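What follows is a set of notes on a single structure, which appears directly below.
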Amino acid sequence: MIVSQAKLKPWQQGWRLAAAALIGGFAWLAVASQLPPGADDPRTEWLIFGDPIVGLGCLVASLWRRKYPLSIATGVVIVSAVSTSAGGAALLVLGSLATRRRPVETTFIGLACVATGAITEGLYPRGNDPDPWWLSVSFIVLITGIVVAVGAAIGARREELQSLRQRAESAEREQVARAAEARIVERHRIAREMHDVLAHRVSLVAMQAGVLGHRTDLPAEQVSLLARGIADGAHQALEELREVLGVLRASPGGLEPPQPSLANLPALVADARALGVNVVYRPESVGTPPDLLARTVYRIVQEGLTNAGKHAPGAEVCVTVEGGEGEGLRVTVCDSGAARGDTPPPSAGFGLLGLSERVELAGGELDHHADPDGGFVLTAWLPWPARGEGSE
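Sequential numbering of the sequence shown, starting at -2, is according to this note's numbering.
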């Protein structure tokens, strides 16, 4: 794994250069202190004048060690063969190269450091008791090994930090994606709920208004009854809309308003009858299903009555709910076909689509098709497992 190195801050760059300069200065003083007194040698002049200049140039070149790691390391290490004060810069570029954790490059530059260090060790004249060559080479190998080990440890730490950072960023992206998905799901749920709540009521209001617009021969009492039905339906639609919007405005921990269940089906059928829909409701004793199942049954019947009122005016509508615990519930809403030629109100086409999604979420199956006799049939089967079913 190769870690992209971030740009160093000025103080981080500064203390590294200062440490390299300090090491080079100590090495230069160590060699200068061992010069034989009174020696007239060109190498002595080079040590005093040329060596520090080369060391300073290597420090300046090391500023680009992170941009051109191998090139700068090779150049600085080779040049350090003729400059004792460049030893600090050579160790700096070697440690920086080792953080990349590339064994071939690090081994090559490390061996070059040992070789150039040995060359520099014999470059200048020494006093009467110089150190044994093997001791000097061993010291150079030790220092080089320590620098490589420290650089490799720093590189490993950087890889670990980058891996943790990437994991944190990935987890954050996943969290954002999950939150966005949750918002989309919630919007779809709210859209289905608003459709289920309002479409039935508004469709019946539109149907009554259509009757008033097309029938000019109605008696005054029936006109008044239809007008009151329109007003009541609009008022109830507004109340139901306020309930849905109230859920949106409520705090996350707030309670939702009571949801419809099987006990509300007779009232739903009665409302449809009051608005002129000829409904035959055949209830059976199905027990008390779970809330989700009961609410889904209610919405299926509601959507079926809404579509029958819109697209089959004057038809006879039959609603049945049968089944029980352990066998599931089967809901059927069928009509005999339109008995009048009234123009149906516009339809968005999302009712059955949303109902299909609701039934799928409940684990059931939905079917709707035209009847050969001219009517329309809407059926749904919803699972209702028996208590303890599937448990060991």
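Even glycine gets a Cβ: it sits at the ideal position worked out from N, Cα and C. In this text, all values refer to a predicted model and were calculated from it rather than measured experimentally.
Item                                                                                                                                                                               : Value
Which same chain residues end up closer than 7 Å to Gly21 when comparing Cβ atoms and leaving out the 5 residues on each side of it in sequence?                                   : Gly52, Ser82, Ala83, Gly84, Gly85, Ala86
For Arg175, which residues does DSSP report across the bridge?                                                                                                                     : Answer is none; Arg175 lacks a bridge partner.
From the DSSP output, read off the bridge partner residues of Pro280.                                                                                                              : Val318
I need the straight-line Cα distance from Leu88 to Leu19, nearest angstrom please.                                                                                                 : 12 Å
Below 8 Å on the Cβ atoms is my contact criterion, and I expect Ser133 with Glu118 to pass it. Report the Cβ-Cβ distance as a whole number of Å.                                   : 5 Å
Tell me the DSSP secondary structure of Arg98 in three-state form.                                                                                                                 : coil
What is the DSSP secondary structure of Ala228, counted as helix, strand or coil?                                                                                                  : helix
Pro249 to Ala176, Cα distance in whole Å?                                                                                                                                          : The predicted position of Pro249 is uncertain, since its pLDDT is 49 and thus under 50; no value can be drawn from it.
Express the C-alpha separation of Pro382 and Leu223 in angstroms, rounding to a whole number.                                                                                      : 44 Å
Nearest to Arg327 by CA position, among Val298, Arg98, Val145, Leu91, is which residue?                                                                                            : Val298
Leaving aside the five residues before and after Ala312 along the sequence, list all residues of the same chain whose C-beta is less than 8 Å from its C-beta, in chain order.     : Asn275, Ala305, Asp332, Ser333, Gly334, Ala335, Ala336, Gly372
Roughly how many angstroms separate the alpha carbons of Leu32 and Ser80, rounded to a whole number?                                                                               : 15 Å
Are there 16 or more other CB atoms within 10 angstroms of the CB of Val57, so buried, or fewer, so exposed?                                                                       : exposed
Inspect the CB distances between the stretch 91 to 101 and the stretch 67 to 78 and report whether three or more fall short of 8 Å.                                                : yes
Where does Arg63 fall in DSSP's three states?                                                                                                                                      : coil
Ignore the nearest five residues each way along the sequence and tell me which others in Glu102's own chain have a CB closer than 7 Å to its CB.                                   : Leu67, Leu94
DSSP has Ala367 in a bridge; who is on the other side?                                                                                                                             : Phe373
For the candidate residues Ala15, Val283, Ala112, whose alpha-carbon lies nearest to that of Gly321?                                                                               : Val283
Check the C-beta distance from Leu302 over to Ala269 and give it rounded, since I have them as a contact under 8 Å.                                                                : 5 Å
Should Glu236 be labelled buried (16 or more other beta-carbon atoms within 10 Å of its own) or exposed?                                                                           : exposed
Kindly list the residues whose CB is nearer than 7 Å to the CB of Arg13, restricted to its own chain and excluding five residues on each side of it in sequence; keep chain order. : Leu89
Taking only three categories from DSSP, how would you classify Gly22?                                                                                                              : helix
Among the residues of its own chain, which have a CB less than 6 Å from the CB of Glu319, if the five just before and after it don't count?                                        : Glu281, Arg327
For Gly72, name the three-state secondary structure that DSSP assigns.                                                                                                             : helix
When you compare each of Cys110, Gln256, Arg123 to Leu139 by their alpha carbons, which one comes out closest?                                                                     : Cys110
Going by alpha carbons, who is nearest to Leu44 out of Ala15, Asp368, Ser77, Ser59?                                                                                                : Ser77
Would DSSP call Arg296 helix, strand or coil?                                                                                                                                      : helix
Within 10 angstroms of the Cβ of Ser59, are there 16 or more other Cβ atoms? Answer buried if so, exposed if not.                                                                  : buried
Out of Val28, Lys64, Ser30, point me to the one whose CA is closest to Leu5's CA.                                                                                                  : Lys64
Give me whichever residues DSSP pairs with Val330 in a beta bridge.                                                                                                                : Val316, Leu375
Between the alpha carbons of Gly11 and Ala17, how many angstroms are there, rounded?                                                                                               : 10 Å
Tell me the rounded alpha-carbon separation between Asp364 and Leu358.                                                                                                             : 15 Å
Would Leu272 and Gly226 be called neighbours here (beta carbons separated by less than 8 Å)?                                                                                       : yes
Residue range of the alpha helix (DSSP H) that Asp48 falls in?                                                                                                                     : 48 to 58
Between which two residues does the alpha helix (DSSP H) harbouring Leu272 extend?                                                                                                 : Run containing Leu272: none; DSSP gives neither H nor E here.
For Glu42, which of helix, strand or coil comes out of DSSP?                                                                                                                       : helix
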